[in-house]
Every structure is written in C-alpha cells, then in structure tokens.
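In the numbering used here, the protein residues as written are -4 to 109.
What follows is one structure encoded as structure tokens, with my remarks underneath.
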Amino acid sequence: MNLKLATKSINDQASLIGLEGEVDVYTAPQLKQQIIALLDGGVKHVIVDLSSVEYLDSTALGVLIGGLKRLRERSGTLDLVCPNPRIKRIFEITGLDKIFDIFATDLDAIAKVQ
C-alpha cells in the first residue's frame, strides 16, 4: 500500500498534512521530508491528519516525534487529527497521547492554530 500526502496551507504559519494509506518504514520518510519542507518554509504549526491512515508503525511514530521536537525548538506545535480508535489506541498504548494534542476532527485542530 502506498501513502498519499496532501498539504494544505491554513495561514502563513500553519499547514495541514493529510495522509491516506499506510505510514511505515517505507513511506514514513515522505512524511519526514514534508514536515522538514514546511519548517524550511517558515511554518510553525503543523497538523497531521491521520483520518485516512490504515496502518501506522514505530517508524511513523518516530517521524512524528522528530517533527514535534523540531517544531518545539522553533516555538511551534505538531498536532494530530485521529478519529480512528484503532490508530488512536497506538498513541494511548505508547503514552504518546500525553505528548501530542490529538483532535477528533481537522476543524478542531485548525481552530487551535488560528
């Protein structure tokens, strides 16, 4: 399964990355490159929409944690949209639900950065 990425600008400092498919050892580098490209473009707030993600592995978690670290170094944020209970459970089991702000809808996440 492939990963589809779609990036949408919310404002001059915030963007949303919509993901569809599987985020694993093979596809996670695409997400990492997109987060870095947004940072290089001056974005301080990134929302990653996992609504259409079917599978997420430890490599993907590492990319998200790395992105959060890079953004926090610049006084930014990385928030998640995750309505899927199966995917959200991964964050709960690993304790990452206490590190990331996880929203049920993209509108809720967007409201935080506007």
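All residues carry an ideal CB built from backbone N, CA and C; glycine is no exception.
Relative to Gln25, the option among Ile85, Lys107, Ile12 whose CA is nearest is Ile12. In the three-state reduction of the DSSP assignment, Ser10 falls in the strand class, which pools E and B.
Rounded to whole angstroms, Arg69 and Asp35 show a C-alpha spacing of 11 Å. Distance from the Cα of Ile105 is smallest, within the candidate group Phe86, Asn(-3), Lys3, for Lys3. According to DSSP, Ser47 shares a beta bridge with Glu15. Contact between Val58 and Lys83 does not hold, since the beta-carbon distance rounds to 17 Å and is not under 8 Å. Under the three-state reduction of DSSP output, Lys39 falls in the coil class, being neither helix nor strand.
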